[in-house]
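I have placed the structure first, in the form of structure tokens, so that the comments after it can refer back to it.
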Amino acid sequence: MFIKQISVFLENKRGALREMTELLGKSGVDLLALSVADTQNFGIIRIIVSSVATEPALKLLRDNGYTAKVNHVICAEVPDRPLGLCELLSLIEQANLSVEYMYSFLRASRGSEGAHMILRLSDGEKAMQVFQMHEVNLFSQEDVDAL
Amino acid sequence: MEMSQREHRIYNPAMECISRDELHKIQGERLVATVKREYENVPMYRARMDAAGIKPEDIHGVEDLKYLPFMEKTDLRDYYPFDLFASPKSEIVRIQGSSGTTGKPIVSGYTRNDIEIWSEMMARTLTAAGATKDDVVQVTYGLGLFTGGFGAYQGADRIGAMVIPMSSGNTNRQIMMMKDLGTTLLCCTPSYATYLGETIREMGIDPNKDLKLKAGCFGAEPWTEEMRKRIEELLGIDACDIYGLTEISGPGVAFECLEKHGMHINEDHVIAEIINPATGEQLPYGKPGELVFTTITKTGMPMLRYRTHDICTLTDEKCGCGRTLARMGRITGRTDDMLVIRGVNVFPSQIESVLVRADGVAPHYMLIVDRINSSDTLEVQVEMTEDMFGDTISHIENVRKYIIDQIKSVVGIASKVTLVAPKSIPRSEGKAKRVIDNRNLH
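Heads up: the protein sequence lines correspond to chains F and B, in order.
Heads up, the first sequence is in this note's numbering, so the first residue is 1 and it goes up one at a time.
Heads up, the second sequence is in this note's numbering, so the first residue is 148 and it goes up one at a time.
What follows is the structure in structure tokens.
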């Protein structure tokens, strides 16, 4: 019941994440899930790709000088309602387990066109202006509420 | 050289102003006795002399020094802890030490005689900077295995000055004591002197009005004329350079007088030579080369032709202060890759030994040394390997902390460890470049 995940070590350097996604993207690797854990000096990128693409993606990363590993993680469904996540976490807590990290899939399950990423950026106001200038589709509070 | 208008104080004029001929005679006698002692008591050195075909009887004076085999820092590691002692352990009254080239520290054993000699050398050192029994000497070198603190303490004690054995750290308290007790002479590393000066200025203290400082003896790390000017301005003092090493005794092997024109070597206790580091051949005064010391009065752990790997020149021109003791110029470099960071000797090989012993760590590393806010910093860049790489931040942070702790325990200084991408540290053919020193010390 475990699923495969690739973890990649990245130095906290300008362009590092873009370079890595470019490498994967140009080879046709489709990211199904992504998380970025960062510290002042380095980051760990965790990605999930289709099971057939996992080994080739790992090889590609290593061949290009990345430190990368495959690990196994659990994917649990969380009911889409208030307290849905909380109930799952309660189970984990009662079992005396702790969460080391958690992130979500990029694709909404209900046939939506794209994934919805939640971003926190260093300058939110400026980012908002840039996104609007480039006609990036942004969700407003109303859009979120209407989901 | 022109005589300056300064008043020069000399602790032991009979020795410090001795004629060169008389000095060579005394050096010769003391050398002969030391070689005999070493040959009889230190099997390692006897074997080395035997291998070179030299007997103690072959050494008649300073001119025969060149026939003796060298000693190296690695000898202190290989014969650690007691096998270089030339006196019974019961005669040893002190151990001092410093970091070695790899994991183990090096130690030196001192007999009562050796402590007395060392104290005398430091008394001369402090006196040359102007100290008398009326002075208040603040020692901010660490008091411990490191020779800096005890050396300065003993010298000031010998003069009869009032000693404040502060040891290192706690700058605010240092400044408070300096002000309250009227410190007149400061002993610390030049970088700490700069930091103290900057802090004093920031606190709005005017050293010329609020403090009684007049001079400082600064050493344990290389520094420049620019740093001297800055320290003298910041603290309103005369800043004198001092030189020493644990293997020979500690601080006070050589010292500057107020002429500030090279460091007088205590030649009645040590003989200095300059050699060609590649051939081991002696070089004449004035030529730059590797500094080599022979102790001629020490009994606990005498060192014969000890290679310092420091590069400098010697001169026996008479100094404006009246001393006849030869002087060594500033250290202009090293023949090996030793670094001095916050007064601590650091060899890249020590860092390498830590990395090699840590599981899964690649032996590729880069040391980046800098001086930020007058304090030396050491960054160790280590490549991330798959063995080290865990999937969580805490796992990687633990690896990083482990390396920092190991470096601290082996080298004795705090470092910053940065994990970098694999193969991002340049590989070079031949001797790898392991150090980037941004301090411009030479």
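Glycine included, each C-beta is placed from N, C-alpha and C at the ideal position.
The structure displayed is predicted, hence computed values, not measured ones.
Chain F contact residues for residue i, given Cβ-Cβ distances below 7 angstroms
i              : result
E533 (chain B) : T67 and K69
V529 (chain B) : Neighbours of V529 (chain B) on chain F: none; closest Cβ ~11 angstroms, over 7 angstroms.
Interface partners of residue i on chain F, CB under 9 angstroms
i              : result
V516 (chain B) : Ordered by position in chain F, no residue passes the 9 angstroms Cβ test against V516 (chain B), which lies about 18 angstroms from the chain.
I543 (chain B) : F9, T39, F42 and I44
Buried/exposed call for residue i, threshold 16 Cβ in 10 Å
i              : result
H134 (chain F) : exposed
F42 (chain F)  : buried
Y512 (chain B) : buried
S338 (chain B) : buried
H207 (chain B) : exposed
S562 (chain B) : buried
T221 (chain B) : exposed
L461 (chain B) : buried
Y432 (chain B) : exposed
K126 (chain F) : exposed
E368 (chain B) : buried
H72 (chain F)  : exposed
M535 (chain B) : buried
P510 (chain B) : exposed
G111 (chain F) : Low confidence applies here, because G111 (chain F) scores a pLDDT of 45, under 50, leaving its location unreliable; read the following figure in that light. It is exposed - the Cβ of G111 (chain F) has fewer than 16 other Cβ atoms within 10 Å.
E437 (chain B) : buried
Y101 (chain F) : exposed
V564 (chain B) : buried
I264 (chain B) : buried
R18 (chain F)  : exposed
V240 (chain B) : exposed
S246 (chain B) : buried
I306 (chain B) : buried
N492 (chain B) : buried
R105 (chain B) : Lying before the first or after the last residue shown, residue 105 (chain B) is absent from chain B, which here runs from 148 to 589.
I92 (chain F)  : exposed
C334 (chain B) : buried
M350 (chain B) : exposed
Reference residue i, options the options, closest by Cα
i              : options                           : result
Q553 (chain B) : B:M324, B:L343, B:V501 and B:C466 : B:V501
L472 (chain B) : B:V182, B:A275 and B:K213         : B:A275
E380 (chain B) : B:R193, B:L343 and B:L566         : B:L343
T341 (chain B) : B:D584, B:L215, B:D523 and B:A568 : B:D523
Y424 (chain B) : B:V439, B:D415 and B:H416         : A quick correction: the sequence has Pro, not Tyr, at residue 424 (chain B). Comparing Cα positions, the closest option is B:V439.
Y214 (chain B) : B:V179, B:V189, B:G244 and B:A233 : B:V179
I45 (chain F)  : F:S7, F:E100 and F:K69            : F:S7
K445 (chain B) : B:V284, B:I395 and B:K251         : B:I395
C164 (chain B) : B:R452, B:T393 and B:G469         : B:G469
G559 (chain B) : B:D388, B:P235, B:I478 and B:Q497 : B:Q497
K59 (chain F)  : F:L89, F:D38, F:F131 and F:L23    : F:L23
S162 (chain B) : B:E154, B:H155, B:I173 and B:R153 : Note that residue 162 (chain B) corresponds to Met in the displayed sequence, not to Ser. It is B:I173 whose Cα lies nearest to the Cα of M162 (chain B).
D168 (chain B) : B:A233, B:C387 and B:D415         : B:D415
L332 (chain B) : B:M374, B:K356, B:P312 and B:V283 : B:V283
Y103 (chain F) : F:L97, F:L91 and F:A76            : F:A76
I298 (chain B) : B:P228, B:L392, B:D327 and B:G329 : According to the sequence as given, residue 298 (chain B) is Gly; it is not Ile. For G298 (chain B), the nearest C-alpha among the options comes from B:L392.
E530 (chain B) : B:I572, B:F402 and B:I311         : B:I572
N587 (chain B) : B:K548, B:H542, B:I478 and B:T539 : B:I478
Contact list for residue i against chain B, beta-carbon separation under 8 angstroms
i             : result
S7 (chain F)  : F536 and D538
N41 (chain F) : T565 and L566
Where residue i meets chain B, residues with beta-carbon distance less than 7 angstroms
i             : result
E55 (chain F) : The contacting residues do not exist; E55 (chain F) stays about 15 angstroms from chain B at best.
Residues that residue i contacts on chain B, provided the C-beta gap is smaller than 9 angstroms
i              : result
E19 (chain F)  : In chain order: nothing, as chain B lies at least about 11 angstroms away.
Y101 (chain F) : D538, T539 and I540
Contact test: residue i Cβ vs the ligand SAM heavy atom, cutoff 8 angstroms
i             : result
V78 (chain F) : Absent from the structure shown: the ligand SAM. Ligands present: none.
Subject >> Residues within the stretch 558 to 575 of chain B neighbouring chain F, beta-carbon criterion of under 7 angstroms >> reply: T565, L566, V567, A568, P569 and K570
Original post:
Curious, which full-length alpha helix (DSSP H) runs of at least 4 residues does the stretch 307 to 394 of chain B contain?
Top reply: 318 to 327, 337 to 349, 354 to 357 and 372 to 382
Subject >> Start-end ranges of the beta strand (DSSP E) lying completely within the stretch 252 to 299 of chain B, minimum 3 residues >> reply: 252 to 258 and 283 to 286
Original post:
Which ranges does the alpha helix (DSSP H) cover as unbroken runs of at least 4 residues, wholly within the stretch 186 to 219 of chain B, from first to last along the chain?
Top reply: 190 to 199
**OP:** Note down, one range per segment and in chain order, each beta strand (DSSP E) of at least 3 residues found wholly within the stretch 444 to 473 of chain B.
**Re:** 453 to 459
Original post:
Where in the stretch 51 to 80 of chain F do unbroken runs of the beta strand (DSSP E), each at least 3 residues long, occur, reported from the N-terminal end onward?
Top reply: 67 to 74
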